[in-house]
Every structure is written in structure tokens, then in C-alpha cells.
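Here's the structure, in C-alpha cells; my notes come after.
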Amino acid sequence: MARVLVGVKRVIDYAVKIRVKPDKTGVVTDGVKHSMNPFDEIAVEEAVRMKEKKLASEIIAVSCGPTQAQDVIRTALAMGVDKGIHVEVSGAEYETLQPIHVSKILAKLTEKEKADMIIVGKQAIDDDSNQTAQMTAAALDWPQATFASKIENGDKEITVTREVDGGLETIKCKLPAVISADLRLNEPRYATLPNIMKAKKKPITKMTPKDLGVDVSPRITVVSVEDPPVRQAGAILPDVDALVGKLKEGGHI
Amino acid sequence: QSTLIIAEHDNKGLNPITQNALTAAKKIGGEISVLVAGTKCGPAAEALAKANGLSKILIAESDAFNGFTAESLTPLIISTQKQFNYTHIIAGASAFGKALLPRVAAKLDVSPVSDVIGIKSPDTFVRSIYAGNAIQTMKANDPIKIISVRGTSFEADKLEGGSAKTETVPTDGCATDMTVFVGQQLSKSDRPELTSAKVVVSGGRGLKSGDNFKLLYDLADKLNAAVGASRAAVDAGFVPNDLQVGQTGKIVAPDLYIAVGISGAIQHLAGMKDSKTIVAINKDPEAPIFQVADYGLVADLFKAVPELTSKLS
């Protein structure tokens, strides 16, 4: 049975309207609702289902970030994860923390925890990078099953359906492997109150990138973060004829 | 300074996003080479050879590249990089490029830059974050820049006026049994491809069923348009995943985008708000899609869409 590591990132909640800071250094995060990255919820759900089907023996959730990152680890524990690891990265270091750093941290923890499967969300909805799974797989020299919408567990391999540009693709990956979860892999459960209470007793180990020997010095310099160009709302038209007229005017028909 | 473009193709032909990547590479400047790797990729390489401004086309043919897995292509790109010492490696930000480039970058200990929408200088790139609700300009400090570029943000290179020489590169060490490509179920359509179509007609949950998408196919056929969908419509099983437009689906920027029965969640807007003209048809006057639409029609789509189709002759 697999020992599964899942990556969980704390991000601004998907329903919150983002505000750019006036000094253009980033977006406003203080006093803003945060949640687990939705794609990571799908990753956690998939791991928990594997455990329920006795395909996984233990699930470990890892989050890299400031103290509040523990909130999303608790959510993962309430969903059925066994234990959490919080890798503390805060302040300026967190501002420039990127998938290259996180993938090295996940690779080290995978070796330490003797995990043989990693599942993460395909992208985080804050930086939209879509890199962590691929880079973790490279760091470990493991196969990567990206954008997974279906996973069938075999003994020594997994068969994965991937969402690609033209439709769907099927691949077989030898285990151990890294998987990135796409939207339609599953529908994550809500944590129930009894499970939230139980999760409070589950262990969270705290460490730093330094403890793992991972250098998190910045690879990029953020020059500016700005509002996108605003699109002005146009006209509400009375009927289809008016629309046909406008389309003709615009040279579309 | 020199750039390596990783061509995307299906052996028989070039994927148009490679032409967008070529324009991006020209913007960066310096020498440009293209790597075409596949099982029998002659036709794709021939299409590229017509492009001007290319110093060479590198061809790598091997059964190892069946299915274009990141696991087989990464060692090829690493050995090519070792041989020629490129300063930049570029691919389109498609499912192919997104799966491949981060793996290559990790092997070179480089932090890659995803889904670039603008190039300010050879080391400074613009990209959208938070589903396009903020625009980040960043400087990449690693010695090699590895970037994927958003197709709609760079014009397609016309592939004219040149005659680049080709060179074969060795494919030793690329075969791997880590990941084996089994097969694909690609959606077949006679309509234009979604990300490069001049007109896109998209449907949302308001369509109520997959069968009702026929209304949109009829409209699309009149307009020579591609058909897209919101995440809600895909999740509800109305249409396959490859039609999804949005933050995690496809990014489109056609001349005309017609959103039908789509409320306009920010995740959807992220995928289409760079369209030149946006038309929204929705019965809910409060739907956020109207805030970005040039022309709005507050109407029952089941009446308005057939009427529109019949009036476009």
C-alpha cells in the first residue's frame, strides 16, 4: 500500500475579489479570507479515497508558508489525512517562494517519510504557475501524471487519464509517481464537525527549509503587480435585430 | 544570447502555438533554433523550415517520443542545452508545454516562468496572476530563462521567407519505461480550433443540457466559429473538457466572443476577456458577464439564439 504525500497551499479564497496594493508590490492579503487551493482539495480527496479503498496506508499533508498555513493542514486532517508537516516560510522569503523551492522541499520530505506517491493540485489559483508536480517529479526522477481526471491504481503502476488540449489522453506510470489533480478528478468532501474535532488531535510537525537543507533564496524579482486593463461595460441592446446591426457595423458578419 | 523553441506538433503538422512562440522568441532577440522531436516529424519540420529568422531546425526522431511524454523529451532537451548553451528555452503554454517545461527547468535548477503574456526585455516578463485579476511583471534571475508563452498574446509567425537548415540531434538516453503513452480520445470537429478561431461561441449552464448545445453549433456554423463552454457546462457533462474556456481551461482572444447562458464567473472571464468584441446573451440582467460585454442581450437564449442564427444569412 502506498504512502501518499499531498501538497496543500493556503491561498486567497477563490470567491474573493482581488485588490492590488497601491504601491504595486503585490495584492492585499491582510484581512482577506483564505482557503485551501481548490485543486489541492481535489488532491487530498483522491488520497483519502485511496486510503478508504485500502490502496494507501498513510497520508501526509505538507504546506509551506507562514503560521497560518497550518489552517489548511487542519482542513486536510479533517478530510481524512493522517498527519501534517508545516514547513515554515514567512515574510520576504514567502513573497518569493516558488514551485522550484516547494518541489525541493516536497522531494526531501518524500525521502524522509518514505512516501511512494505524491498528489498535488495542478496549479494554485494565486500564482497560476502549474509547475510544482512536474518539478517535484524531476527532483526525484519519478514519472509525472499531470492534469489527471481519473486514476486507476495497479500494483506497480497507475493508469491515468489526463485532460489535454484536444480531449483526453491515457498514460501508464510506474510507481513511485507524482500526480497533479485536475478539476474533474473528483468532488472533494466537506469536513464534518466530528472530523474537525478529531483533526485537532492529529499531529502537525513543524520544520524549516533549512532543516531540510533546501535553499529558498529568491530566483525572481517582482518588478510590479498592477490591475489588469479595465473593460468598459458596453450597451444593452433591445433585441436580436439590434445585435445583428452591431455585428454588421463591426464587420463581424 | 540564443533561444531554443520546443515545437509542438503531431508529427503530421505543426501546432499553431509554435508560431506564437516563434514571435515571442523574435521579441526576445538573438539566434533562434527550433527543436522538433517526434516519431516521424518530417512534415512538422518542413512547415517550420519556411520561417524566416531561424538559424537552425534540430530534428530528433525516435519511438521514445511516442505520445510526447515529458519523461522522454526532458533528457533530449537537457542534452541539446548542454551542446548549444541556449540562454532561453521557450514553448507554448499548452497542456504539452505546461507539462514539459517545468520538468526541464527543475533538471537545470531554473525557476521557470509560466504563461507569459508580455516580454519587456530578455529577462523581464509579464504574466497574469489570480486568474487575470492582477498583472505581474517579474525579472527572472536564473542564467537560463525557461518560459511558456500564452498563444493569444503573441501573433502567429507567418512561416514565410526563410529556409533554415536542419540538423539531426542524437536521441540516446531518451527511451524510458517510467511513463508509457497508451492512447488518446481527441474530440473531432470540423469547426476551427478554439484557441486560434476568429469567432468563438460559448455556452454555459444556461443551456441546460448537452443536446441544447446544438443551438450553439448551428450559430457557430453560420459564423465559422469555434465552440467553447464555461466550467459549469463542462462539469455538468454537457460538453467535453477540451471546450472549457477559463483560468484552468483554454485562453481565447478572438475578434468576436459570444457568451450564451454564461453568468461570467471571474475564472471564466480570465479565459476570454482579451477578446476584441464580447457579446453576452443571458436572461439575468445582473449576470456579471454584462460588465465586460460590449453588447448585451437580456433575453431567453432558447428564443434569441435561433433567431440570431436565422438572421445571419
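Protein sequence lines correspond, in order, to chains X and S.
For the first sequence, position 70 (counting from the first letter as 1) is numbered 70 according to my numbering, and the numbering increases by one without interruption.
For the second sequence, position 214 (counting from the first letter as 1) is numbered 214 according to my numbering, and the numbering increases by one without interruption.
Where is the CB? At the ideal position from N, CA and C, for every residue including glycine.
Per DSSP, residue 103 of chain S is one residue of the alpha helix (DSSP H) stretching across 95-107. Along the region 251-298 of chain S, the alpha helix (DSSP H) occurs as fully enclosed runs of 4 or more residues at 266-272, listed in sequence order. Listed in chain order, the non-local C-beta contacts of residue 163 of chain S below 8 Å within the same chain comprise 49, 50, local neighbours out to five positions each way being set aside. Judged by their CB atoms, residue 158 of chain X and residue 175 of chain X are nearer to each other than the 8 Å cut-off. For residue 128 of chain S, the pairing in a beta bridge is given by DSSP as S:135. Against chain S, the beta carbon of residue 128 of chain X has neighbours under 9 Å at 114, 115, 127, 128, 129, 130, 131, 132, 247, 248, 270, listed in chain order.
In the three-state reduction of the DSSP assignment, residue 63 of chain S falls in the helix class, which pools H, G and I.
For residue 307 of chain S, at least one C-beta of chain X is nearer than 8 Å to its own C-beta. For residue 220 of chain X, the closest Cβ of chain S is nearer than 8 Å. One thing to note: residue 289 of chain S has its Cβ no nearer than 8 Å to the Cβ of residue 313 of chain S. Using a C-beta cut-off of 8 Å, the region 49-63 of chain X makes no contact with the region 12-20 of chain X, since fewer than three inter-stretch Cβ pairs fall below that distance. Pairing residue 293 of chain S with residue 243 of chain S, the inter-Cα distance amounts to about 21 Å. Closer than 8 Å to the CB of residue 167 of chain X there is at least one CB belonging to chain S.
Inclusion of residue 178 of chain X and residue 118 of chain X in the CB contact set at 8 Å is warranted, their separation being smaller than that value. Less than 8 Å divides the Cβ of residue 228 of chain X from the Cβ of residue 133 of chain S.
Residue 115 of chain S has its alpha-carbon roughly 11 Å from the corresponding atom of residue 136 of chain S.
If the five residues before and after residue 200 of chain S are omitted, its C-beta is found closer than 8 Å to the C-beta atoms of 194, 225, 226, 227, 228, 245, 252, 254, 256, 257, 258, 272, 275, all from its own chain and listed in chain order. Close to residue 295 of chain S, with beta-carbon spacing below 7 Å, are these residues of chain X in chain order: 234, 235, 237, 243, 246. Under the three-state reduction of DSSP output, residue 217 of chain X falls in the coil class, being neither helix nor strand. Out of S:211, S:40, S:129, the CA that lies nearest to the CA of residue 13 of chain S is found in S:40.
Judged by DSSP in its simplified three-state form, residue 161 of chain S adopts strand.
Residue contact with chain X for residue 241 of chain S: present (Cβ-Cβ distance below 8 Å to some residue of chain X). For residue 34 of chain X, not one C-beta of chain S is nearer than 8 Å to its own C-beta. Bridge partners of residue 36 of chain X according to DSSP: X:10.
In the three-state reduction of the DSSP assignment, residue 79 of chain X falls in the helix class, which pools H, G and I. Under the three-state reduction of DSSP output, residue 3 of chain X falls in the strand class. Taken through DSSP and simplified to helix, strand or coil, residue 1 of chain S comes out as coil.
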